[in-house]
Structures are given as C-alpha cells and as structure tokens.
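The structure under discussion appears below in the form of structure tokens.
Residue numbers (the numbering used here): 108 to 499.
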C-alpha cells in the first residue's frame with residue numbers, strides 16, 4: 108500500500124495521536140462506569156488490528172479497553188449492522204447474497220477504466236475502519252454464530268480479498284484465518300465457497316520481489332500459505348491442492364526469488380511443511396524438488412544466511428523421511444547435496460543439520476566405502492563428514 112496516496116494521508120497523520128487517545132480512554136474507564144458501551148466499542152474497535160494507521164502497541168491498548176467493557180449481545184448486533192451498512196457500498200459477484208457459490212455466474216466482463224470506477228478508493232478514504240470492526244466482530248463469533256451470519260461473512264471477506272492493494276488483501280487473508288480457526292473447512296465445501304476462497308487468495312502468492320517490496324512480500328507469504336493450508340485441511344481434495352501449491356506456487360516462485368534470501372527463507376520453510384503434509388505423495392514432484400535444493404545449496408553465498416541454510420537442510424531431511432522408498436534412485440543427488448552443504452556449513456549448528464541429513468541418507472540407502480574414498484580423494488574436506496558419520 109502506498110501510504111503517500113491522499114486517501115491515507117489523514118489516517119497516517121492520525122496514527123501518532125491515536126495511541127495517546129487510546130491510553131487516555133483506558134485511564135478514564137478505570138475511574139468511570141457511566142459510559143455508552145457501544146459508542147466506545149465502535150470507536151475503539153477501529154484500532155483492533157495492525158494497519159497503516161494503527162501499530163501493534165495501539166492494538167494491545169485497544170484490546171485491553173474492549174476486554175474491560177461490559178459488552179451486551181445487543182452491542183454486538185449493532186456493530187454487525189454497522190459493518191453490513193459499510194460493506195453494502197462494495198459488491199462481490201463471486202457469491203450470492205446468502206454467501207453461497209453462484210452457479211453459471213459468468214456473463215462476460217463489463218469494461219471499466221482503472222480501479223476508481225468500483226468505488227473502492229473512495230470507500231477506503233471514509234470506511235476503512237470497518238475492516239477492523241469486522242475483525243473484532245468475527246473474532247467474537249463461535250461456529251454457530253458464523254453459520255447464522257454467513258450471508259455477511261463470506262461476501263465481506265471476499266470483498267476485502269478482491270482489493271488490488273497487497274496490504275488490504277492481506278487483511279482478507281487474516282480474516283479467513285480467523286474464520287478457519289472457528290469453523291471446519293468442510294462447511295466451506297458445503298456452501299461451495301472453498302474453491303472461491305482459494306482462487307481469491309491465490310493471486311497473493313505472486314506478490315514477489317522485485318515487483319513487490321521484500322518486507323511486504325515476506326509478510327504476505329508468511330500469512331497466505333498457512334491460511335491456504337488450513338483452508339483445505341481435512342477436505343477430500345487436500346493433496347490435490349497441496350501439490351498444486353507446491354508446483355505452481357512455491358516451486359514456480361523459486362526462479363523469481365532465488366537471489367532474494369529473505370524471501371527464499373519463507374519459501375523453503377513452506378516447502379518443508381508441504382512435504383510433511385503430503386507424505387509419500389511428494390514423490391510426484393521429487394525430481395523437481397531435488398533440483399531446486401541442489402541449486403540453493405550450491406549458491407556461493409548460502410553460508411552467509413544461516414536461517415536459509417538450515418531451512419534448506421530441513422527440506423532435505425523432510426524428503427528423506429517422506430520419500431525414502433524412492434531415495435535409492437536419487438541417492439547420488441542427495442549425497443551430492445549433503446557434501447555441498449557440508450562444505451558450506453560454517454557453524455556447529457549447521458554442521459549438525461548436515462550430519463543428521465547424511466546419517467539419514469545412509470540409513471535408507473548405501474554409499475560404498477569406495478565411493479566415499481573417491482570423493483575424499485577429490486575433495487579432502489569431505490573426510491570430516493566421513494569420520495563424523497562413522498561409515499564402515
């Protein structure tokens with residue numbers, strides 16, 4: 108999000124004073140019980156999620172104030188009605204008014220010039236606080252409350268996900284994560300919107316450097332992938348989605364971010380997670396995985412980033428644990444990766460990781476003494492690894 112845009116100037120200037128105001132409200136509530144609960148809830152509730160106009164410290168104060176309030180069911184109903192009115196100004200064509208998947212919804216595209224025509228920029232100037240209200244209200248609901256208010260929840264989250272700005276879309280991901288913590292993904296299958304949410308979140312996976320600032324890209328990737336994992340956990344097509352995310356998401360991102368270690372750390376961490384979830388189904392993409400890991404380990408600067416190094420070796424270990432039945436066919440590839448990693452390892456921690464990966468390889472398949480000696484003859488540094496893993 109470009110905070111220099113006019114529609115964010117007021118909010119950004121307000122940020123410095125907002126935290127002071129929240130602290131003063133907190134003090135007043137300690138001494139006075141004669142307040143209108145809903146007025147405070149709706150005012151303070153604009154600051155219950157981190158955003159360009161609200162930092163983490165303000166969020167903590169906001170939540171402390173809300174926890175101190177004696178909120179009634181009627182207050183929550185009033186807040187819901189306010190959210191409904193705010194989001195009426197935005198429309199989504201993805202689902203019906205009841206929050207269910209539309210059948211045969213595509214009737215061609217209506218031409219439009221830019222994003223101004225859908226009213227989003229104007230909406231964000233005056234009603235952006237309703238996203239924070241929605242976070243607060245959604246967190247308050249239990250599973251039954253979500254089912255009862257599905258007509259509001261599904262369209263609202265999709266509306267936020269449909270925004271063209273990365274930080275706003277990311278709020279939609281956070282809301283979807285809150286939703287999935289409360290209700291089973293199977294309910295989303297029942298309503299027909301699971302695939303719609305998947306399609307709405309998926310574009311965020313392409314928010315990569317250099318077109319997206321690294322810090323924003325890292326934040327998006329850290330939140331988007333885990334939310335998508337939760338989205339189809341315990342569903343019938345779980346493995347299909349995981350393999351698609353691995354192939355067209357994580358592995359496809361590699362060539363774009365291979366020189367950006369900060370982003371690559373997150374990618375490697377998520378790849379390890381997917382391998383662990385897929386188990387032996389990882390075999391479908393094993394050659395591509397091994398090639399990618401070999402490329403990372405052979406990077407001459409990999410030893411300068413210990414976190415990336417460890418994430419990469421963890422990925423090797425995950426492959427060994429889940430694809431052991433096919434490992435004999437790839438033993439020389441994995442062996443070469445272990446040797447390169449040993450050469451790059453600089454700290455005792457990274458060396459221990461490489462030793463674990465090598466021992467695991469040797470417990471699954473065989474590297475003969477002659478093969479070891481040939482490698483040691485050509486690369487003397489390998490002798491340290493050979494002696495440590497006690498080949499014999």
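Beta carbons: idealized from backbone N, C-alpha and C, even for Gly.
By the DSSP assignment, the alpha helix (DSSP H) with residue 437 in it spans what residues? Here residue 437 belongs to no alpha helix (DSSP H), and DSSP marks it neither H nor E.
Flag this pair as yes or no: are the beta carbons of residue 367 and residue 321 separated by less than 8 Å? Cβ atoms of residue 367 and residue 321: closer than 8 Å.
What residue does the alpha helix (DSSP H) around residue 273 start on, and which one ends it? Going by DSSP, residue 273 is part of the alpha helix (DSSP H) stretching over 273-289.
Whole-angstrom C-beta distance between residue 383 and residue 425, which should lie under 8 Å: Indeed, because the Cβ distance is near 6 Å, the residues count as touching under 8 Å.
Helix, strand or coil at residue 497 according to DSSP, with G and I counted as helix: Here residue 497 carries a coil assignment [DSSP, helix/strand/coil].
Is it the case that the Cβ atoms of residue 516 and residue 342 are separated by a distance below 8 Å? In the structure as shown, the chain begins at 108 and stops at 499. Residue 516 is therefore absent and cannot be evaluated.
Mark residue 250 as exposed unless 16 or more other C-beta atoms lie within 10 angstroms of its C-beta, in which case mark it buried. Result: exposed.
Return the CA-CA distance between residue 145 and residue 182, expressed in angstroms with no decimal places. Taking the straight line joining both Cα atoms gives about 5 Å.
Pick out whichever of 306, 441 and 151 has its Cα sitting closest to the Cα of residue 423. The residue with the shortest Cα to Cα distance from residue 423 is 441.
So does the segment 249-266 actually touch the segment 283-290, counting three or more Cβ pairs closer than 8 Å? Under the Cβ criterion (8 Å, minimum of three pairs), the segment 249-266 counts as touching the segment 283-290.
If you reduce the DSSP assignment to three classes, tell me which class residue 158 lands in. DSSP places residue 158 in strand when its eight states are reduced to three.
Helix, strand or coil: how does DSSP classify residue 176 here? The three-state reading of DSSP puts residue 176 in coil, since its state is none of H, G, I, E or B.
Please name the residue, chosen from 413, 269 and 476, that lies closest to residue 461 on a Cα-to-Cα basis. Measuring from the Cα of residue 461, the nearest candidate turns out to be 413.
Quick one: using the 10 Å Cβ neighbour count with 16 as the cut-off for buried, is residue 220 buried or exposed? With a pLDDT of only 41 at residue 220, under the threshold of 50, the placement of this residue in the model should not be trusted, and no figure is reported.
Exposure of residue 180, with buried meaning 16 or more beta-carbon neighbours within 10 Å: It counts as exposed.
Between the Cα of residue 271 and those of 262, 429, 242 and 228, spot the shortest distance and give me the residue it belongs to. Considering only alpha carbons, the answer is 228.
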